[in-house]
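Residue numbers (the numbering used here): 47 to 298. First up is the structure itself, then whatever we jot down about it.
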């Protein structure tokens, strides 16, 4: 009887241990599932946060693009220092000689100048280039006295254009006239005398002599005109230039 009691106690203890062990295992499995669900929830939350960041970034880029597309408005209190350079476009074609030629340049947008700003300049030919000095900055409501110069896009002074002085044509005309006079002189009849050859006074010789005189006169006129010819440089409208400020301005 005593042995039977001991066996029953041992069996009861074993059953209790098995039940407790099963509950512990069940609890452990439940905790593992709960942890996996938590990880999935955190990942989903992280993905949502990343999506919101990307969306906000797109909105910021759209705002920046809209801001940069707007023209820059000059408040009238900006200081332009010596050496400041702006970019502009010629509004009129320049046909420059040794006389001052008016030039109008429109400044490009988004450079810090007032909207639709223009520069009034004077152009003059020197050393096969056009030198343009600007004395006024023209805005929609006022004019500002300045001292600026137009440069090529590479920064060199004196605008480059199509150079034509017309001297080649004049020289060619003078050479042709002299050559014609020589040919006509050779065609005249001459009479040999003990004192040398003299021109015959025939009608043919008189006609040829008149043509020779005309050729000589033409040559003299062409040479005189060549000396007085002024070279011309042409620069087409729409050419891009640089406006270089030689002195600072501060308009309040």
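Think of the CB as a built atom: it goes at the ideal place given N, C-alpha and C, for glycine as much as any other residue. Note that the structure is predicted; figures quoted are calculated from it, not measured.
Should residue i be labelled buried (16 or more other beta-carbon atoms within 10 Å of its own) or exposed?
i	result
residue 160	buried
residue 98	exposed
residue 164	buried
residue 288	buried
residue 202	exposed
residue 100	exposed
residue 136	buried
Taking 7 Å as the limit between beta carbons, can you name the residues of its chain near residue i, skipping five residues before and five after?
i	result
residue 290	131, 194, 195, 197
residue 166	150, 180, 181, 182, 184
residue 106	none
Do you know whose CA, among the options, lies nearest residue i's CA?
i	options	result
residue 140	173, 283, 153, 202	283
residue 204	136, 106, 179, 95	179
residue 191	107, 96, 94, 126	126
residue 294	129, 109, 147, 107	129
residue 146	200, 177, 94	177
residue 171	281, 143, 107	143
residue 277	135, 207, 134, 137	207
residue 348	133, 92, 281	As shown, the chain starts at 47 and ends at 298. That puts residue 348 outside it, with no answer to give.
residue 199	148, 162, 133, 152	133
Can you list, in chain order, the residues of its chain whose CB lies under 6 Å from that of residue i, leaving out five sequence neighbours each side?
i	result
residue 209	174, 279
residue 118	Only weak support is given to the placement of residue 118: the predicted model assigns it a pLDDT of 44, under 50, and the question is left unresolved by the model.
residue 285	136
residue 138	150, 283
residue 104	none
residue 108	none
residue 92	none
What residues in its chain sit with their C-beta under 8 Å from that of residue i, if we drop five residues either side in the sequence?
i	result
residue 95	none
residue 292	128, 193, 194, 195
residue 148	138, 166, 167, 168, 169
query = Taking only runs of the alpha helix (DSSP H) that begin and end inside the region 119 to 202, which ones reach a length of at least 4 residues, in chain order?
reply = none
query = Are three or more beta carbon pairs between the region 148 to 157 and the region 185 to 193 nearer than 8 Å?
reply = no
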